[in-house]
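Presented below is the structure to which this report refers.
Protein chains: 2
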Amino acid sequence: MKRDIFHAIADPTRRAIITLLALQAMTPNALAEHFNTSRQAVSKHIQILAECDVVTQKQSGREIYYHFNAKKMKEVDEWIERFRQLWDDKFNQLDDLLNDL
Amino acid sequence: MKRDIFHAIADPTRRAIITLLALQAMTPNALAEHFNTSRQAVSKHIQILAECDVVTQKQSGREIYYHFNAKKMKEVDEWIERFRQLWDDKFNQLDDLLNDL
DNA sequence: AATTTGCGCAACCGAATAGTTGCATTTATA
DNA sequence: TATAAATGCAACTATTCGGTTGCGCAAATT
Chain A
1 MKRDIFHAIA DPTRRAIITL LALQAMTPNA LAEHFNTSRQ AVSKHIQILA ECDVVTQKQS
61 GREIYYHFNA KKMKEVDEWI ERFRQLWDDK FNQLDDLLND L
Chain B
102 MKRDIFHAIA DPTRRAIITL LALQAMTPNA LAEHFNTSRQ AVSKHIQILA ECDVVTQKQS
162 GREIYYHFNA KKMKEVDEWI ERFRQLWDDK FNQLDDLLND L
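First to last, the protein sequences are chains A and B.
Sequential numbering from 1 applies to the first sequence in our numbering.
Sequential numbering from 102 applies to the second sequence in our numbering.
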């Protein structure tokens, strides 16, 4: 796969789309209303998000509802994870708490 | 600023550079040895990372050591944060624990 | 049945990207 | 002092990106 999640979230418009879809599934037209670009431009972003499984689609008649797949964000989180202790000790405390459970 | 941290981590080579620099500060030449590209290409990536404060430089004679600035990763983490509860309940437990402290 | 709506797909365009090579400058070394 | 090493900067190139417009098709509406 050529595109990965890091490429997907690199674009501000795509991050906005993700945020919107996290609140509720939407159609391309509904999404496009939130931006100053054409529906086709939004559709291209959706396509990129779909390519790396950040969103999934669900057809309903002639409409297509796109759903946010939160699990994919885990990949980013796991990469960030290794740096977390370098910037904040709070998470070390959390790790200790977890180990005690 | 045109480039942001999300753009910085979009490129696989730049993520590798970040990972290397997180272990220890290095010079462009030393970094370039880890990749199949020219030193100049690596320097370009470093420049982008420097532009958005992911790395800082420290001159030492004719060598320049680049240091990783972990704090910048916080910005990514804070954006991911809002999705965390959507994929994993473990972090909700953690939040509860924190509130009890 | 005719028309409107929602959508994907393709072609095109200017700007940015990631790489290259070549060169100038400063610092270390012989 | 002459040379080698480390780096940044500029010019060039092929590719990708984010956007546009135009189109065709299937589903809803009239």
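Every residue, glycine too, gets a C-beta built ideally from N, C-alpha and C.
Residues near residue i in its chain [Cβ-Cβ closer than 6 angstroms; skip 5 each side]
| i | result |
| --- | --- |
| I110 (chain B) | R116 |
| R62 (chain A) | none |
Cβ-Cβ separation, residue j to residue i (assumed contact under 8 angstroms), whole Å
| i | j | result |
| --- | --- | --- |
| Q155 (chain B) | I119 (chain B) | The question names Gln, but residue 155 (chain B) in the sequence shown is Val. Rounded, the Cβ-Cβ distance is 7 angstroms, consistent with contact. |
| H67 (chain A) | A32 (chain A) | Incorrect: roughly 17 angstroms between the Cβ atoms, too far for contact. |
| I106 (chain B) | I80 (chain A) | 11 angstroms between Cβ atoms; not a contact. |
Through-space distance from residue j to residue i, alpha-carbon basis
| i | j | result |
| --- | --- | --- |
| S60 (chain A) | T27 (chain A) | 10 angstroms |
| K2 (chain A) | E51 (chain A) | 9 angstroms |
| Q47 (chain A) | Q40 (chain A) | 10 angstroms |
| P12 (chain A) | L23 (chain A) | 17 angstroms |
| N36 (chain A) | A171 (chain B) | 34 angstroms |
| L21 (chain A) | M73 (chain A) | 13 angstroms |
| D178 (chain B) | D77 (chain A) | 7 angstroms |
| H7 (chain A) | L150 (chain B) | 16 angstroms |
| S38 (chain A) | A30 (chain A) | 11 angstroms |
| R82 (chain A) | W188 (chain B) | 19 angstroms |
Sequence-distant residues of its chain with Cβ nearer than 8 angstroms to residue i (five each side left out)
| i | result |
| --- | --- |
| I165 (chain B) | T128, P129, Q158 and K159 |
| H146 (chain B) | D112, T114, R115 and I118 |
| H135 (chain B) | A117 and L121 |
Run of the beta strand (DSSP E) containing residue i, from where it starts to where it stops
| i | result |
| --- | --- |
| I165 (chain B) | E164 to F169 |
| S139 (chain B) | Per DSSP, S139 (chain B) belongs to no beta strand (DSSP E) and is neither H nor E. |
| Q186 (chain B) | Note, Q186 (chain B): premise wrong, no beta strand (DSSP E); alpha helix (DSSP H) at M174 to W188. |
Where the alpha helix (DSSP H) containing residue i begins and where it ends
| i | result |
| --- | --- |
| T56 (chain A) | Premise fails: T56 (chain A) lies in the beta strand (DSSP E), V55 to S60, not in any alpha helix (DSSP H). |
| R115 (chain B) | P113 to L124 |
| H34 (chain A) | Taken as a continuous stretch (DSSP letters only), H34 (chain A) belongs to no alpha helix (DSSP H), as it is neither H nor E. |
| I106 (chain B) | I106 to A109 |
Close-in-space but distant-in-sequence residues of the same chain around residue i (CB under 7 angstroms, 5 per side omitted)
| i | result |
| --- | --- |
| E253 (chain B) | This structure cannot settle anything about residue 253 (chain B), because the visible part of chain B is limited to 102 through 202. |
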